[in-house]
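This report concerns only the one structure given below.
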Amino acid sequence: MSKAIWTEKDIPDQSGRVAVVTGSNTGLGLDTARVLAERGARVVLAVRNVDKGEAACEKIRQSVPDAEVSTQLLDLGSLESVRTASAELRAAHPRIDLLINNAAVAFPPKTTTPDGFELQFGTNYLGHFALTGLVLENMLGVKGARVVVASLDHKLGGAIHFDDLQWERRYSGALAYAQSKLANLMFCYAFHRRLVKAGAPLMTVTAHPGYSHSELFRNMWKPAQVMMKYTDRFIGQDPAKGALPQLYAATMPDVQGGQYWGPDGFLEMAGYPTLVRSSRKSYDQQVQERLWTVSEELTGVTYPV
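Right, here's the structure in full:
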């Protein structure tokens, strides 16, 4: 269990480790990449826009002059891009210690990916499912390696709509987002069981940042954005603090596979890292296994565990 005042200064030395952080050119991902670089890790910013990624690397270097940071083009909404990026990551980094699946898109207008998936399900979940499976061979034998999956707002009506996964009959940006985040949690729990059965030294953990200031909700209904800017002053926390739960999950020795970490404050909206519980639905193993099978079919990616 975490200390009540655990901060990024308590993170152990990460020298010699290679960390890949998706969606790391801004917000929570950028702060996660910065802190890992400060602690000595070699950090790859896996981003959709390389120019923004390079600007983020430069920003990190301004505070960490000797930081080992680089960018990797990755569009999680395109399976072709995921496959290309995965191949390049495997070639460049024979050993990958940390994969932090942080990137997300939230509440967009009804949009499909080039592969025909609803944008949030395709990007937040299927893209990360494929990425993890495709780089897994460079992580499985690495002692202490971890896959950290970000999952926020899965409780907001979250359910896996197997009868309409791509929201073709109806569409709610909020419910589709919740489905993608619930899928991330179920993936973590199902993946954890497979790793334990295989006796792999790799572990997978989930985390959420609480209510943090970020650009994630820029597609939200405008009046709601205005309201959130107001409430930010009272209950929100900055990205550096919001990144703490996933940093704890990625680095601390007391973390165990299959756990879920979040803020310790009121309704888990803010605070310092602590163990939390996800929704009752997220622990349904039958649904987890059905989702895993469907995910393999949709992405064409199977796991070697």
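Each step along the sequence shown adds one to the number in the UniProt record's numbering, with nothing skipped, and position 46 is 46. Where is the CB? At the ideal position from N, CA and C, for every residue including glycine.
Residue j beta carbon less than 7 angstroms from that of residue i
| i | j | result |
| --- | --- | --- |
| residue 306 | F121 | Any answer about residue 306 is impossible in this case: the structure gives the chain only from 1 up to 305. |
| A176 | E118 | yes |
| A242 | P273 | Note on residue identity: the sequence assigns Gly, not Ala, to residue 242. No; because the gap between Cβ atoms is not below 7 angstroms, this pair is not in contact. |
| L89 | R146 | no |
| M269 | Y189 | no |
| T32 | V21 | yes |
| G262 | V276 | yes |
| A198 | V305 | yes |
| V43 | V69 | yes |
| S278 | Y260 | yes |
Under the three-state DSSP convention, the category residue i falls into
| i | result |
| --- | --- |
| M203 | strand |
| A243 | coil |
| A159 | coil |
| E118 | strand |
| E68 | strand |
| Q62 | helix |
| Q14 | coil |
| R39 | coil |
| R146 | strand |
| N101 | strand |
| L73 | strand |
| S24 | coil |
| W261 | strand |
| G274 | Just to set this straight, residue 274 is Thr in the shown sequence, not Gly. Note: T274 maps to strand in three-state DSSP. |
| S212 | strand |
| Q237 | strand |
| V47 | strand |
| T132 | helix |
| T112 | strand |
| A183 | helix |
| A174 | helix |
| A19 | strand |
Whole-angstrom distance between residue j and residue i, CA atom to CA atom
| i | j | result |
| --- | --- | --- |
| L134 | S81 | 12 angstroms |
| L152 | P245 | 12 angstroms |
| L76 | V205 | 20 angstroms |
| D164 | L131 | 24 angstroms |
| H93 | V18 | 8 angstroms |
| S183 | L291 | It should be noted that the sequence gives Ala, not Ser, for residue 183. Taking the straight line from one Cα to the other gives about 8 angstroms. |
| E38 | T299 | 35 angstroms |
| E58 | V294 | 40 angstroms |
| G258 | T251 | 15 angstroms |
| S63 | V50 | 20 angstroms |
| D284 | D66 | 45 angstroms |
| Q72 | S86 | 10 angstroms |
| P109 | L195 | 37 angstroms |
| T111 | E296 | 22 angstroms |
| V105 | A174 | 11 angstroms |
| M139 | Y171 | 37 angstroms |
| G116 | E168 | 10 angstroms |
| G40 | A178 | 35 angstroms |
| G127 | P114 | 12 angstroms |
| residue 308 | L267 | The chain is shown only over 1 to 305; residue 308 falls outside these bounds and no answer can be derived. |
| T84 | F129 | 15 angstroms |
| L45 | A200 | 26 angstroms |
| I5 | L36 | 19 angstroms |
| I100 | K9 | 19 angstroms |
| H154 | E54 | 32 angstroms |
| P253 | E289 | 29 angstroms |
Selection from the options that minimises the alpha carbon distance to residue i
| i | options | result |
| --- | --- | --- |
| Y303 | V18, P94, F191, A87 | F191 |
| F187 | R90, P12, I160 | I160 |
| N102 | R277, Y283, L247 | L247 |
| R34 | R61, G23, S212, V47 | R61 |
| G27 | S278, K52, G271, G199 | K52 |
| K143 | R83, W167, L202, R169 | L202 |
| Q14 | G141, V301, I96 | I96 |
| L74 | W6, K197, S24, G158 | S24 |
| L30 | A41, P239, S282 | P239 |
| L185 | P114, Y125, I100, I11 | Y125 |
| F107 | L156, Y260, Q256, G141 | L156 |
| Q256 | Q237, R193, G127 | R193 |
| F162 | A178, A91, V287 | V287 |
| R271 | Q237, T123, H154 | The sequence shown places Gly at residue 271, not Arg. For G271, the nearest C-alpha among the options comes from Q237. |
CB-CB length for residue i against residue j, believed under 8 angstroms
| i | j | result |
| --- | --- | --- |
| V148 | A56 | Going by Cβ atoms, the distance from V148 to A56 rounds to 19 angstroms, so no, they are not a contact pair. |
| A207 | A150 | 6 angstroms |
CB contact below 7 angstroms: residue i versus chain B
| i | result |
| --- | --- |
| Q62 | In the displayed structure, chain B is absent; only one protein chain is listed. |
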